[in-house]
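The structure under discussion appears below in the form of structure tokens.
Number of protein chains: 2
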Amino acid sequence: MTIKEVARLAGVSSAAVSRYMNGGSVSEEKRARIARAIEETGYRPDMTAQTLRTGRVRQIGVIVPKIFSESVSQIMDGISECLAEKNYMTLLGCAGIDDAQEIRYLDIMERNRVAGIILMGTTMDPVKEKRLRECRVPLVVTGQNFEGFPCVYHDDFHAVKALTSLVLEKGRRRLAYIGVTERDFAAGKARREGAQAALLAAGIDPETMPCTETSFDAEGGFQSARFLLAQHPDLDGFICATDNVALGAMMAVRESGRSVPADVSIVGVGDCWAGTISAPPLTTAHLRYRQCGVDAVRMLLQRIEQEDPEQGEAQPSQIRQIRLPYTIIERGSV
Amino acid sequence: MTIKEVARLAGVSSAAVSRYMNGGSVSEEKRARIARAIEETGYRPDMTAQTLRTGRVRQIGVIVPKIFSESVSQIMDGISECLAEKNYMTLLGCAGIDDAQEIRYLDIMERNRVAGIILMGTTMDPVKEKRLRECRVPLVVTGQNFEGFPCVYHDDFHAVKALTSLVLEKGRRRLAYIGVTERDFAAGKARREGAQAALLAAGIDPETMPCTETSFDAEGGFQSARFLLAQHPDLDGFICATDNVALGAMMAVRESGRSVPADVSIVGVGDCWAGTISAPPLTTAHLRYRQCGVDAVRMLLQRIEQEDPEQGEAQPSQIRQIRLPYTIIERGSV
DNA sequence: AGTCCGTGTGAAAACGATTACAAAACCTTG
DNA sequence: CAAGGTTTTGTAATCGTTTTCACACGGACT
Numbered sequence: 001m002t003i004k005e006v007a008r009l010a011g012v013s014s015a016a017v018s019r020y021m022n023g024g025s026v027s028e029e030k031r032a033r034i035a036r037a038i039e040e041t042g043y044r045p046d047m048t049a050q051t052l053r054t055g056r057v058r059q060i061g062v063i064v065p066k067i068f069s070e071s072v073s074q075i076m077d078g079i080s081e082c083l084a085e086k087n088y089m090t091l092l093g094c095a096g097i098d099d100a101q102e103i104r105y106l107d108i109m110e111r112n113r114v115a116g117i118i119l120m121g122t123t124m125d126p127v128k129e130k131r132l133r134e135c136r137v138p139l140v141v142t143g144q145n146f147e148g149f150p151c152v153y154h155d156d157f158h159a160v161k162a163l164t165s166l167v168l169e170k171g172r173r174r175l176a177y178i179g180v181t182e183r184d185f186a187a188g189k190a191r192r193e194g195a196q197a198a199l200l201a202a203g204i205d206p207e208t209m210p211c212t213e214t215s216f217d218a219e220g221g222f223q224s225a226r227f228l229l230a231q232h233p234d235l236d237g238f239i240c241a242t243d244n245v246a247l248g249a250m251m252a253v254r255e256s257g258r259s260v261p262a263d264v265s266i267v268g269v270g271d272c273w274a275g276t277i278s279a280p281p282l283t284t285a286h287l288r289y290r291q292c293g294v295d296a297v298r299m300l301l302q303r304i305e306q307e308d309p310e311q312g313e314a315q316p317s318q319i320r321q322i323r324l325p326y327t328i329i330e331r332g333s334v
Numbered sequence: 001m002t003i004k005e006v007a008r009l010a011g012v013s014s015a016a017v018s019r020y021m022n023g024g025s026v027s028e029e030k031r032a033r034i035a036r037a038i039e040e041t042g043y044r045p046d047m048t049a050q051t052l053r054t055g056r057v058r059q060i061g062v063i064v065p066k067i068f069s070e071s072v073s074q075i076m077d078g079i080s081e082c083l084a085e086k087n088y089m090t091l092l093g094c095a096g097i098d099d100a101q102e103i104r105y106l107d108i109m110e111r112n113r114v115a116g117i118i119l120m121g122t123t124m125d126p127v128k129e130k131r132l133r134e135c136r137v138p139l140v141v142t143g144q145n146f147e148g149f150p151c152v153y154h155d156d157f158h159a160v161k162a163l164t165s166l167v168l169e170k171g172r173r174r175l176a177y178i179g180v181t182e183r184d185f186a187a188g189k190a191r192r193e194g195a196q197a198a199l200l201a202a203g204i205d206p207e208t209m210p211c212t213e214t215s216f217d218a219e220g221g222f223q224s225a226r227f228l229l230a231q232h233p234d235l236d237g238f239i240c241a242t243d244n245v246a247l248g249a250m251m252a253v254r255e256s257g258r259s260v261p262a263d264v265s266i267v268g269v270g271d272c273w274a275g276t277i278s279a280p281p282l283t284t285a286h287l288r289y290r291q292c293g294v295d296a297v298r299m300l301l302q303r304i305e306q307e308d309p310e311q312g313e314a315q316p317s318q319i320r321q322i323r324l325p326y327t328i329i330e331r332g333s334v
């Protein structure tokens, strides 16, 4: 099943077989003999050997924090479809929130000679940044806007600002913000700042809005909202960093005997499927997760291809950044 | 950055460096020199070359129909966590419903020398079966019970049977079944048969129950339920093949002016997150998706390890099958 | 002193492909 | 028919590792 075996069977040199497979010049006669030998043996070239020799492998690495998440799997969907089109496979690394693990995957992927890496960003610290900079294969970050890296990310700031303005327009004034860890610049910091910016624009002091930080799931939203309602019984609106948190908050509000949206408005971010069937359905911002994956692949492939022919390290000024737009989806929770 | 370079710098042979890395015998003195050389150069062995030489690669292939699906991503979650523990990476192939693409991925993975393959099963036809049988790396199928292959799957039949019995116990007699493609033995055939078996056990002729076949999403459930309600206005229960379908059906029922569960009972399968916050929350069967992934990996790794030392092809009688239990979750929709 | 064993060592042969190179074979022409 | 060009060919080097093999070096033991 090796190329040599095929060559022997066809009575030619292994170079001829290689040329046959890769479109080199082979006489019609040998071409037929080789074809038959391949047919008989079911020979298929070993990709490991090919990679070792050519240095190229049609694989790209994808590092995610976790796979069981509506947003991540949507991005992955975009990625894998787009890669499949170009005949690439994806080497997946699921790192959790563990920075060290993330770097370990980066190592392994480089050592496997992947053509490029997509990093679904969460946090960034100096050690990691340093490691990312000295990464020798093209890299694209999704979901976060990391200065100096090619990124595809969502407009978290303006999405939440618009949502908050919407709530304010309905006359709600005593809002609370339920956020997630600030170490996540996009979902944590940018979204909170968006909410505060909207307050400021409406002439309200952002400092007066109570802010909590919780986990990404509904349970976190539930606990936070319950706590906030106990502290500030007169709240009439919750701005939540994610839809899941918002849905949890909705439960807490209902549990307290208040009604959504009559007494309290609630908004989330992400446009998750559960938000479409809750009662009331959730007003939220739709983010283009799938598109994010698609764009990340396009960007990566472009860098890969441009790097290939010109060995001259190309222009490092090429670090493009793509900010994806959002869409406010008004449903019943405001 | 190659092993030779390191060897030259340390003043030893490349064999010594290799032994140093892989725990062979190296004198204390050289050990120090090599360590320093590695430190200086930041050398890390090339995995492609290692694979070529040793034949082993710590990667396993995973082929899924699509990644953006609550069940699939949950299984993947179990898989990737379990693999990470054992220091394996996953090579992902997203095949859609395209059988040919599935086989193409199988090819590529074999040619990449993956240690094993997990196939998230959907359909099975003779061509594919033949190809799977002659697959030269260990293979495990999840989600389906394919005779003759090692499988980890859910007890779809009894789950739906139990759900249907539950609905019948509440006095509902005029049920309809909304299913998915019968080409999917597990989610299509087995679940429908479970529903019919429950009817039979209750002394009702299964043939009297209208059955439709639709897509896996809520839209499909919505259309089907609307159609069924038009045809049979006296229906008082829907057994749905998946939660998403059930939630779609719930919308259709509500749209028709009927109430759930007062007028019509609805059940689904899968225990998806949206079902917990719908109004009313959905009665369903919880399937152990995550566990499915974990067990699949355990099974695969076991086969890989047993195959490794004994070159003697081992016992092919080892095709274990694991049937995962289900749990009925009674919420408000019955 | 000779034998035996265990540990360290480097040269060289794999692993399975691609490709540079030079030789051979085949055409066109003048 | 000779000269010059184009297409086919096989040999051998290469990619970066691991591993076999033979050998050298010390003891420990007869």
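In order, the protein sequence lines correspond to chains A and B.
Read in order, the letters of the first sequence correspond to residues 1 to 334 in this note's numbering.
Read in order, the letters of the second sequence correspond to residues 1 to 334 in this note's numbering.
The C-beta atom is built at its ideal place from N, Cα and C for all residues, glycine as well.
- Query: Helix, strand or coil for E313/B per DSSP?
  - Reply: At E313/B, the pLDDT of 49 sits below 50, so the modelled position is not reliable; the number obtained from the coordinates is stated separately. E313/B sits in coil when the DSSP states are folded into three classes, being neither helix nor strand.
- Query: Curious, which full-length beta strand (DSSP E) runs of at least 3 residues does the stretch 234-297 of chain A contain?
  - Reply: Taken in chain order, the whole beta strand (DSSP E) runs of length 3 or more contained in the stretch 234-297 of chain A are 237-240, 265-267 and 284-287.
- Query: What's the gap between the Cα of V6/B and the Cα of L324/A?
  - Reply: Rounded to the nearest angstrom, the two C-alpha atoms are 46 Å apart.
- Message: Any beta carbon of chain B sitting closer than 7 Å to that of N112/A?
- Response: It does: the Cβ of N112/A has a partner Cβ on chain B nearer than 7 Å.
- Keeping to the same chain, check which residues put their C-beta closer than 7 Å to that of S80/A; ignore five residues upstream and five downstream. These residues qualify, in order along the chain: T90.
- Item | Sub-7 Å separation of R58/B and N87/B beta-carbons | Against a cut-off of 7 Å, the Cβ pair of N87/B and R58/B comes out as a contact.
- Cβ-Cβ separation, L163/B to I60/B (assumed contact under 8 Å), whole Å: Rounded to the nearest angstrom, the Cβ distance from I60/B to L163/B is 34 Å, too far for a contact under 8 Å.
- Message: Could you check whether A249/A and I266/A sit closer than 7 Å to each other, using their CB atoms as the reference points?
- Response: Cβ atoms of I266/A and A249/A: closer than 7 Å.
- Message: So, for K161/B: in the same chain, excluding its five sequence neighbours on each side, which residues have a beta-carbon less than 6 Å away from its beta-carbon?
- Response: Answer for K161/B: G194, A197 and A198, listed in chain order.
- Query: Are the beta-carbon atoms belonging to G179/A and A241/A less than 7 Å from one another?
  - Reply: Contact: yes.
- Message: With a threshold of 7 Å between beta-carbons, can Q74/B be considered close to chain A, or not?
- Response: Q74/B belongs to the set of residues whose beta carbon lies under 7 Å from a beta carbon in chain A.
- Task: In the DSSP assignment, find the unbroken beta strand (DSSP E) run with E219/A in it and report its ends.
- Result: It is not in any beta strand (DSSP E) - E219/A instead sits in the alpha helix (DSSP H) that spans A218 to Q231.
- In angstroms, rounded to a whole number, what distance separates the CA positions of I118/B and G268/B? Roughly 27 Å separates the two Cα atoms.
- Task: Could you check what DSSP says for T51/A in three-state terms: helix, strand or coil?
- Result: T51/A falls in the helix class under three-state DSSP.
- Item | Bridge partner(s) assigned by DSSP for I347/B | This structure cannot settle anything about residue 347/B, because the visible part of chain B is limited to 1 through 334.
- Item | Start-to-end residues for the beta strand (DSSP E) that takes in Y326/A | In the DSSP assignment, Y326/A falls within the beta strand (DSSP E) that extends over Y326 to I329.
- Task: May I ask you to report which of helix, strand or coil DSSP gives V6/A?
- Result: Here DSSP, grouped into helix, strand and coil, assigns V6/A to helix.
- Item | Amino acids of chain A, ordered along the chain, whose beta-carbon sits closer than 8 Å to that of P45/B | Within 8 Å Cβ-Cβ: R111.
- Message: Output needed for E219/B: all residues of its chain with C-beta closer than 7 Å, excluding positions within five of it in sequence on either side, in chain order.
- Response: Closer than 7 Å at Cβ, skipping near neighbours: G248.
- Message: For M89/B, would you say it is in contact with chain A, using Cβ-to-Cβ distances shorter than 7 Å as the test?
- Response: With 7 Å as the cut-off, M89/B counts as an interface residue toward chain A.
- Tell me, which residues are paired with H154/B by DSSP? BP columns for H154/B point to L324/B.
- Along the alpha helix (DSSP H) that carries T214/A, what are the first and last residues, could you check? T214/A -> not in any alpha helix (DSSP H); beta strand (DSSP E) instead, spanning C211 to T214.
- Count the other CB atoms within 10 Å of the CB of E40/A; is the residue buried (16 or more) or exposed (fewer)? E40/A is exposed by the Cβ-count criterion.
- Would you call the stretch 152-159 of chain B and the stretch 274-293 of chain B touching, i.e. three or more CB-CB distances under 8 Å? Flag = yes, the stretch 152-159 of chain B and the stretch 274-293 of chain B touch.
- Task: Identify the contact partners of G93/B in chain A, using a Cβ-Cβ distance below 9 Å as the criterion.
- Result: Listed along chain A, the residues sitting closer than 9 Å to G93/B by beta-carbon distance are S80, A84, M89 and T90.
- Residue closest to A190/A, alpha-carbon to alpha-carbon, out of S259/A, A35/A, D107/A and F146/A: With distances taken between CA atoms, A190/A lies nearest to F146/A out of S259/A, A35/A, D107/A and F146/A.
- Query: Taking 7 Å as the CB-CB cut-off, is T51/A touching chain B?
  - Reply: Answer yes: the Cβ-Cβ gap between T51/A and chain B drops below 7 Å somewhere.
- Task: Would you please state the rounded distance, in angstroms, between the beta carbons of A246/A and L282/A? I believe it to be under 8 Å.
- Result: The beta-carbon distance between A246/A and L282/A, rounded to whole angstroms, is 6 Å. This is short enough to meet the 8 Å contact definition.
- Message: Whole angstroms are fine: how far does the CA of I103/A sit from the CA of R131/A?
- Response: Roughly 8 Å separates the two Cα atoms.
- Item | Per-residue contacts from I108/A into chain B (C-beta, under 8 Å) | What I108/A touches in chain B: M47 and M89.
- To which residues of the same chain is L168/A closer than 6 Å at the C-beta, ignoring the five residues directly before and after it? So the list reads A202, once near-sequence residues are dropped.
- Item | Where the alpha helix (DSSP H) containing A78/B begins and where it ends | Ala is not the amino acid found at residue 78/B; the sequence shown has Gly there. For G78/B, the enclosing alpha helix (DSSP H) starts and ends at E70 to E85.
- What residues of chain B sit near A274/A, judged by a beta carbon separation below 9 Å? Ordered by position in chain B, the residues that pass the 9 Å Cβ test against A274/A are C272, W273, A274, G275, T276, I277 and S278.
- Let me know the secondary structure DSSP gives Y43/B once reduced to three states. Coil.
- Item | Contacts that K66/B makes with chain A (C-beta to C-beta distance below 8 Å) | The answer, in chain order, is D77.
- Message: Tell me the rounded alpha-carbon separation between S14/B and K4/B.
- Response: Those two C-alpha atoms are separated by around 5 Å.
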